[in-house]
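Step one of this worksheet: look at the structure below.
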């Protein structure tokens, strides 16, 4: 695997940051994998916002998201080949007070096949939407303790090509109330 990375920080306080990367490698003999990623961050005062994009083109489905759809060939499942994934992540954090933070996040992802192979025809097999909202409270000065309320909604849609091999749409919702404590070691 080889990678080329670029990091840029702009403005006097480096509030605007860019993280770009391209990578290529071989996952199996004569089977390649390619990644393109970019991250754009704005961090100033109480605001932290970012927009990330991740793209992968894989000659063997290393993530298994397209391959896992099939239910017709359960006894001898077929790993999808020639797949690509595109993911967008947007996040907005706002520090309300030194002890209070909140964020909202959205994710959109697609998984598709770019060349016919076995039971997989060229086209989109998976679309995922995810939204999250969280409020965090840090009662201690060192921020070792975090109390949070987290709401999440995720919808996975399987277009017609995926339904032909057994895909069924579903969604999940979660409400989490929790506490995290980081044990200071050093």
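Numbering (the working numbering), first residue to last: 1 to 186. Beta carbons are placed, not taken as given, at the ideal position from N, Cα and C, and that holds for glycine.
Paired residues, beta bridge with residue 151 - DSSP: The sequence position of residue 151 within the chain shown is 151, counting from 1. Answer by DSSP bridge pairing, in chain order: 133 and 175.
Closest residue to residue 25 among 42, 59 and 43 (Cα-Cα distance): Here residue 25 is taken as the residue at index 25 of the chain shown, counted from 1. The residue with the shortest Cα to Cα distance from residue 25 is 59.
Endpoints, beta strand (DSSP E) assigned at residue 54: To locate residue 54, count along the chain shown from 1; it is residue 54. Looking at the DSSP string, the run of the beta strand (DSSP E) that includes residue 54 is 47-58.
Cα-Cα separation, residue 161 to residue 66: In the chain shown, counting from the first residue as 1, residue 161 sits at position 161. In the chain shown, counting from the first residue as 1, residue 66 sits at position 66. Straight-line Cα distance between these residues: approximately 11 Å.
Cross-strand partners of residue 10 (DSSP beta bridge): Indexing the chain shown from 1 puts residue 10 at position 10. Residue 10 is bridged to 16.
CA-to-CA distance, residue 29 to residue 175, given in whole angstroms: Counted from its first residue, the chain shown places residue 175 at position 175. Counted from its first residue, the chain shown places residue 29 at position 29. C-alpha separation (whole angstroms): 44 Å.
Cβ-Cβ distance between residue 107 and residue 89 below 8 Å: Working through the chain shown from its first residue, we reach residue 107 at position 107. Working through the chain shown from its first residue, we reach residue 89 at position 89. In this structure, residue 89 lies closer than 8 Å to residue 107 by Cβ.
Supposed close pair residue 158, residue 125 - CB separation, criterion 8 Å: For the purposes of this step, residue 158 is taken as residue 158 along the chain shown, with counting starting at 1. For the purposes of this step, residue 125 is taken as residue 125 along the chain shown, with counting starting at 1. Correct: roughly 7 Å between the Cβ atoms.
DSSP state of residue 89 mapped onto helix, strand, coil: Counted from its first residue, the chain shown places residue 89 at position 89. Residue 89 falls in the strand class under three-state DSSP.
Backbone secondary structure at residue 62 - three-state DSSP: For the purposes of this step, residue 62 is taken as residue 62 along the chain shown, with counting starting at 1. Note: residue 62 maps to coil in three-state DSSP.
Per DSSP, the bridge partner or partners of residue 102: Within the chain shown, numbered from 1, the residue matching residue 102 stands at position 102. Per DSSP, 94 and 135.
Residue burial classification, residue 231 (beta-carbon count within 10 angstroms, cutoff 16): This structure does not reach residue 231, given that the chain is present from 1 up to 186, and the question cannot be answered.
Assigned secondary structure, residue 69 (DSSP; H/G/I helix, E/B strand, else coil): Residue numbering aside, residue 69 sits at position 69 when the chain shown is read from its first letter. Reduced to three states, the DSSP call for residue 69 is helix.
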